[in-house]
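Sequences listed follow chains P and R, in order.
The opening position of the first sequence corresponds to residue 15 in my numbering, with each subsequent residue numbered one higher.
The opening position of the second sequence corresponds to residue 15 in my numbering, with each subsequent residue numbered one higher.
Think of the CB as a built atom: it goes at the ideal place given N, C-alpha and C, for glycine as much as any other residue.
Presented below is the structure to which this report refers.
There are 2 protein chains.
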Amino acid sequence: MYKLYSMQRSGNSYKVRLALALLGAPYQAIEVDILRGESRTPEFLAKNPSGQVPLLEIAEGRYLAESNAILWYLAVGTSLAPESRMDRAEALQWMFFEQHALEPNIGAAYFWLSLVRGGRELQTHALEDWMERGYAALQVMENHLKTHEFFAAGQLTVADIALYGYTHVADQCDFDLAAFPSIGSWLRRVEQMPGFVSMDWCPDLEVTPSASIAADA
Amino acid sequence: MYKLYSMQRSGNSYKVRLALALLGAPYQAIEVDILRGESRTPEFLAKNPSGQVPLLEIAEGRYLAESNAILWYLAVGTSLAPESRMDRAEALQWMFFEQHALEPNIGAAYFWLSLVRGGRELQTHALEDWMERGYAALQVMENHLKTHEFFAAGQLTVADIALYGYTHVADQCDFDLAAFPSIGSWLRRVEQMPGFVSMDWCPDLEVTPSASIAADA
Numbered sequence: 015m016y017k018l019y020s021m022q023r024s025g026n027s028y029k030v031r032l033a034l035a036l037l038g039a040p041y042q043a044i045e046v047d048i049l050r051g052e053s054r055t056p057e058f059l060a061k062n063p064s065g066q067v068p069l070l071e072i073a074e075g076r077y078l079a080e081s082n083a084i085l086w087y088l089a090v091g092t093s094l095a096p097e098s099r100m101d102r103a104e105a106l107q108w109m110f111f112e113q114h115a116l117e118p119n120i121g122a123a124y125f126w127l128s129l130v131r132g133g134r135e136l137q138t139h140a141l142e143d144w145m146e147r148g149y150a151a152l153q154v155m156e157n158h159l160k161t162h163e164f165f166a167a168g169q170l171t172v173a174d175i176a177l178y179g180y181t182h183v184a185d186q187c188d189f190d191l192a193a194f195p196s197i198g199s200w201l202r203r204v205e206q207m208p209g210f211v212s213m214d215w216c217p218d219l220e221v222t223p224s225a226s227i228a229a230d231a
Numbered sequence: 015m016y017k018l019y020s021m022q023r024s025g026n027s028y029k030v031r032l033a034l035a036l037l038g039a040p041y042q043a044i045e046v047d048i049l050r051g052e053s054r055t056p057e058f059l060a061k062n063p064s065g066q067v068p069l070l071e072i073a074e075g076r077y078l079a080e081s082n083a084i085l086w087y088l089a090v091g092t093s094l095a096p097e098s099r100m101d102r103a104e105a106l107q108w109m110f111f112e113q114h115a116l117e118p119n120i121g122a123a124y125f126w127l128s129l130v131r132g133g134r135e136l137q138t139h140a141l142e143d144w145m146e147r148g149y150a151a152l153q154v155m156e157n158h159l160k161t162h163e164f165f166a167a168g169q170l171t172v173a174d175i176a177l178y179g180y181t182h183v184a185d186q187c188d189f190d191l192a193a194f195p196s197i198g199s200w201l202r203r204v205e206q207m208p209g210f211v212s213m214d215w216c217p218d219l220e221v222t223p224s225a226s227i228a229a230d231a
């Protein structure tokens, strides 16, 4: 069984949890609170020298970092990985776009405005740039989604999961998605996929039917 | 034949030229000077809505953007693409690392200090962050290269090409590589590969053997 080092409210970590859920793959989740420095301990740095989550332990002592590389690994042989050479390249194109145009801007705004107390005041100088570049990235996505249901291969792939991670929390960090109706429709399409789980969903909190009934009682 | 929209002094563009050279693949290069806004014209934006180079025209009207996605596309079926699932994932891991830890810092420093006149003064406030994060990325690479000849699969792959792009110009933008001897050795290993071309090499300047002899005479 996979072991996933993840932070519940990290969009990058959520991408991997979402892929595992859509694939129905069992895993053990280990919460790593980067705000408390838990990804910077000697023990964690021995597993991932970059000191970041998510981190997937694939086999005893064999670790894979980088959310989008993990997505690609998990998707091998499933419908989440496009089949043709060109479709695969286009999925990767959007995943690299996500890591340099979306995540450093919307991801950074989300982190500082939504997760760090007093973050807005600390990052006043950077926020304007994040907003400008984040909106530019959203516009590129909106233009694509005007004529496509998904980002690559005409179906839900790892590219959609990668982009969903931070796009779906953009409205929690000052971005107004009202001007991006095609993005809104795409977010709903992803959310309707069988097996979809929200960012709040935590594998450790999963309740069995009987426990659920007990809780309702 | 491929058509490559590229800027000669862009590290991201160079990655693709280097891969094409190592693979011995013929292509037509079209210089796009982003400093003169040539990637922001309506004509270019119609080809790549992100307004960036490199951009590869794979077939008439079919374009692929994002340097690392292009590398992956070109490498299919060649020794530059690792074969096993884990090796492929590890190559991708390093390529995503390159796009969020190396390129935004060393690439940004290179752009503003080396390509833009007066760039140092314009970016004084950002340079300190770029240096700190760029050195952190170099340290992660150095630690890996202490015990590995290449980044993935024990051989030269697209991951090395991606990381070479900006690492080899780090010393042109204030980074001192003297403290990273394993990176130095790895740079030399890449440069000794058959077919290697430098960033300065321009396909349009290629001389035929007879022309070369004529030039020597």
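- Within the same chain, G25, I120, Y124, S128, M213 come within 8 Å of V183 (chain R) by CB-CB distance, once the 5 residues on both sides are set aside.
- Nearest in C-alpha terms to I48 (chain R), of all of R:K17, R:F58, R:Y41, is R:F58.
- Burial state of S199 (chain P) is exposed, judged by a 10 Å Cβ sphere holding fewer than 16 other Cβ atoms.
- Sequence-ordered contacts of the region 113-129 of chain P with chain R read Q113, H114, A115, E117, P118 [C-beta pairs closer than 9 Å].
- Annotated three-state conformation of K61 (chain P) is helix, per DSSP.
- One alpha carbon belongs to A60 (chain P), the other to N157 (chain R), and they sit about 11 Å apart.
- With a threshold of 8 Å between beta carbons, P63 (chain P) makes contact with chain R.
- Interface criterion not met: the Cβ of R147 (chain R) is under 8 Å from no Cβ in chain P.
- Residue state for R76 (chain R) is assigned as strand, using DSSP reduced to three classes.
- Listed in chain order, the positions of the region 97-111 of chain P with a beta carbon within less than 9 Å of a beta carbon of chain R are R99, M100, R102, A103, E104, A105, L106, Q107, W108, M109, F110, F111.
- In this structure, DSSP gives A43 (chain P) an extended state, which the three-state scheme calls strand.
- Taking a C-beta distance under 8 Å as the contact criterion, V154 (chain P) and S53 (chain R) do not qualify as a contact pair.
- For E163 (chain R), none of the residues of chain P pass the 8 Å Cβ criterion, the least Cβ distance being about 18 Å.
- Taking a beta-carbon distance threshold of 8 Å, L34 (chain R) does not count as an interface residue toward chain P.
- Contact annotation: the region 143-151 of chain R does not touch the region 102-110 of chain P, with fewer than three C-beta pairs closer than 8 Å.
- Excluding five sequence positions before and after Q22 (chain R), the CB atoms of its chain that fall closer than 7 Å to its own CB belong to E45, C216, given in chain order.
- If only uninterrupted beta strand (DSSP E) runs of at least 3 residues are considered, those enclosed by the region 60-139 of chain R are 69-73, 76-79.
- Put simply, the CB of L152 (chain R) is far from chain P, with every gap to its CB atoms at 8 Å or more.
- Under the three-state reduction of DSSP, S24 (chain R) is assigned to coil, being neither helix nor strand.
- L36 (chain P) has no beta-bridge partner at all, per DSSP.
- Distances from the CA of R99 (chain P) to each of R:A89, R:S98, R:D101 were compared; the closest alpha carbon is that of R:A89.
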